[in-house]
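Protein chains in written order, with the working numbering: chain A, 1 to 322; chain B, 323 to 637. Even glycine gets a Cβ: it sits at the ideal position worked out from N, Cα and C. Predicted model only: the values in this text are computed from it and were never measured. Everything below concerns the one structure shown next.
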Amino acid sequence: MSTPLSRIGSIEHAGYGASARRRWQRAAEAVITVALRGCAFLAVAGLLLIVVFVFKEALPILTSAETQKEASLAGFAATPLWQPVGDVPKYGMLPLFVGTLKVVLVAMLFAVPFAVLAAVFASEFAPARVREALKPAIEILAGIPSVVLGFFALMVMASWLQAVTGSVVRLNALNAGIALGLGVIPTVFTVCEDALRAVPKSFREASLALGATPWQTAWHVTLPAAGAGVSAGILLGLARAVGETMIVLMASGNAAIVSGSVFDSVRTMSASIAAELAEVVFGSPHYSTLFFLGAILFAITFVINVLAGLFVERLRQRLAGA
Amino acid sequence: MSTALSAPRLAPLPKARAGDGSGFALTGLTGFAALLIVLMVAVIMGNIAWFGWRSVTWEFLAATPKEGMTAGGIFPAIFGTVALVVLMVVALVPFGVGAAIYLHEYAPPQSWFTRAVRFSVNNLAGVPSIVFGLFGLGFFIMFVGRGLDRVTGADMLWGQPSLLWAALTLALLNLPTVIVTAEEALRTVPREMREASMALGATKWQTIWHVLLPQAMPGILTGAILSVSRGAGEVAPIMFTGAAYFLPYLPSSPFDQFMELGYHIFVLSTQSPNVDQTKPILYGTVLVLLLLTFLLNLTAILLRARMRAKLAGRD
């Protein structure tokens, strides 16, 4: 579309014989195009460099005999103890996996119902004025830095929860999970609401015209039509929950315990990295192990995000076909 | 596709008569969920404002921490945060906007390069912030920094945590935000403007520089402000790349370490020897950080609303 237009411009200019200037201009345009392409490439380079450098620092776990004496894949699985500091360091990752799973599960069980129901409310039922009040509240929640949510969970919410549940340990998986859930709600809400609003009006009108109630329309027509987008929202929330660091670091108590109870203190993968990396010796087995944890975190969130992207694409195609 | 989508969903309609009452209750449930979210936000904000506002005085903002951070103010943390985000924006916005211009004005939509860029932008946005911290340490400090030290013969000038590396780590973290918002902004510029400019004989770049960018400026600013707001609150990426627990002096160059509001909150609430004594300072710091990010977000939201209104008016 732009090419023929620029050609029209060039014919006009040719009459004035300013060919040297035009040659210079064309060269400048070419340089600029390459520079802009370079800017775009930065995003690709950034992602590639993250992969290369996080995995590179974790590599001694797999390749270096020296490192493997202390930290190896077999060692990660052999013991249920995470005791990286001590005479005989133990890097059993089971407690970290269990801890992450517990906190993430609590967070998702807390956040998803709230976020999805509120998104249905905002897109299907809420009067315009109520919606205009709800959205800033969500945006405020999204704007609260995770360190502030962590602070709130640590200083305030933990005491309230302990008073309600009577748990022995003040900082536990429940406390961290709920705080993490608060951090996840805006992600899930925003993506779900966008998906619901993308459903064409004609779907709803057809359903209502057939005699369905507004709730039936929302539940049986709009939600299924936006299903892929809702799934994407939940997945993006899940990825955020798995990788989130400051909230769990501050609110979970950070004890590496294998247990099924949400009232026990937990240590997650992300919190281990944050808590321990500052004190490790560069290149030591512990250092490599923490980067290995980072590589696992990256891999998990990457897969979830790619999956979410596929769902978004599916929603687009579905609604485009409609 | 559309018939396959809607036809089976309408099957359970016979329930319509019986379902009226429960439908009303369920509708109410969605509203209740929304209300509870608003309430939770109000409780958090209220709690912090209530316990924090008394601490935030001019002296608190202008003084340095005293007596093992149990007294005094937070000026070094404010200074460090501002220095950090300024450096970040300077490093980030030109490249982010450049990438957005490429994606929207130049890129052939189906080429493998364009798809690789879009894929990277989407997935970069989902990388956990702690992984950015690891990356900053492994790449910027250990690889680039130590490498530069070796090449230049400098003694640990580049190869250690500093304002520079923390800002670059945050810049990469916020790259997707800036690209996505800048591209959205470019989309709001009517095609007629491009055509008019080119019909007058302007080159593509002249059109972009003199017509598109001024038009897209509010959107570009929105992205920059959002990235600043997010950058000011992120702690995990800067923990190992430059933020310091406590410093008796302000950073005087990009090679110095720095104090930062978010990290200060983390330090005060987890490593304080006397939590009760530190509490007013802690709450004050949280309130200052919240107000800072809140004001930035508000500006971004207003700018974006104006931009979207413009876009809607065009359709």
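What residues are listed by DSSP as bridge partners for B/Ala393?
B/Lys388
So is A/Lys56 in contact with chain B if we call contact Cβ pairs under 9 angstroms?
yes
Counting C-beta neighbours from all protein chains within 10 Å, is the total for A/Asn172 16 or more, i.e. buried, or is it exposed?
buried
Give me whichever residues DSSP pairs with A/Met266 in a beta bridge.
In the sequence as presented, Met is not what sits at residue 266 of chain A; that position holds Val. Its beta-bridge partners are A/Gly253.
Taking contact to mean 3 or more Cβ pairs, one atom from each stretch, closer than 8 angstroms, check whether the segment 182-189 of chain A and the segment 273-288 of chain A are in contact.
no
Would you check if there are 3 or more beta carbon pairs closer than 8 angstroms linking the segment 254-265 of chain A to the segment 80-98 of chain A?
yes
At 8 angstroms on the CB atoms, spell out the chain A contacts of B/Ala413, in chain order.
Those do not exist, as B/Ala413 stays about 11 angstroms from chain A at its closest Cβ, beyond 8 angstroms.
Just checking my contact of B/Ser551 with A/Gly143 at CB under 8 angstroms: how many whole Å lie between their CB atoms?
6 angstroms
Only counting the same chain, and skipping five residues up and downstream in sequence, which positions put a Cβ closer than 8 angstroms to that of A/Pro89?
Glu70, Ala71, Gln83, Pro285, His286
9 angstroms Cβ cutoff, B/Met561 in contact with chain A:
yes
Classification of B/Ser344 by the beta-carbon crowding that lies within 10 angstroms, buried from 16 upward
exposed
Note down, in chain order, each residue of its chain lying with its Cβ closer than 7 angstroms to the Cβ of B/Trp375, except the 5 sequence neighbours on either side.
Leu609
List, in order along the chain, the chain B residues whose C-beta lies closer than 7 angstroms to that of A/Cys39?
Phe417, Gly420, Ala421, Tyr424
Going by DSSP, what residues sit across from A/Tyr91 in a beta bridge?
A/Trp82
Partner residues on chain B for A/Gly143, Cβ-Cβ distance less than 7 angstroms
Ser551, Thr615, Phe616, Asn619
Note the first and the last residue of the continuous alpha helix (DSSP H) segment covering A/Thr213.
Here A/Thr213 belongs to no alpha helix (DSSP H), and DSSP marks it neither H nor E.
Three-pair Cβ contact test at 8 angstroms for the segment 298-306 of chain A versus the segment 237-252 of chain A:
yes
Name the two residues that bound the continuous alpha helix (DSSP H) containing A/Leu59.
Unbroken run through A/Leu59: none, as it is neither H nor E.
Looking at chain B, which residues of the segment 267-282 of chain A have a Cβ within less than 8 angstroms of any of its Cβ atoms?
Ser270, Ile273, Ala274, Leu277, Ala278, Phe282
Taking 9 angstroms as the threshold (C-beta atoms), are B/Gly402 and B/Met581 in contact?
yes
Any Cβ of chain B within less than 9 angstroms of the Cβ of A/Met108?
no
I'd like to know whether the C-beta atoms of B/Asn496 and B/Ser549 end up nearer to each other than 9 angstroms.
yes
Can you tell me which residues form a DSSP beta bridge with B/Ala565?
B/Phe580
CB contact flag (A/Gly227, A/Leu149, <9 angstroms)
no
Continuous alpha helix (DSSP H) stretch holding B/Asn444: start and end
434-446
Using a Cβ-Cβ cut-off of less than 8 angstroms, list which residues of the segment 451-469 of chain B approach chain A; keep chain order.
Ser451, Ile452, Val453, Phe454, Gly455, Leu456, Phe457, Leu459, Gly460, Phe461, Met464, Phe465
Check whether chain A comes within 9 angstroms of B/Glu514, counting only Cβ atoms and requiring the distance to be less than that.
no
Take A/Lys201 as the anchor and find which of A/Leu49, A/Ala45, A/Leu223 has the nearest alpha-carbon.
A/Leu223
Partner residues on chain B for A/Gln25, Cβ-Cβ distance less than 8 angstroms
Thr525
For A/Gly15, count the other beta carbons within 10 Å of its own beta carbon; 16 or more makes it buried, fewer makes it exposed. Which is it?
The predicted model places A/Gly15 with a pLDDT of 48, which falls under 50 and marks its position as unreliable, so this point remains unresolved.
For B/Ser377, name the three-state secondary structure that DSSP assigns.
coil
Determine, using beta carbons only, whether A/Ala122 comes closer than 9 angstroms to chain B.
yes
Could you tell me whether the Cβ of B/Leu604 comes closer than 9 angstroms to any Cβ of chain A?
yes
Are A/Val266 and A/Val85 closer than 9 angstroms when you measure CB to CB?
no
Looking only at C-alpha atoms, which of A/Ala209, A/Ser272, A/Leu249, A/Leu47 sits nearest to A/Ala176?
A/Leu249
Below 9 angstroms between beta carbons: does that hold for A/Val199 and B/Thr352?
no
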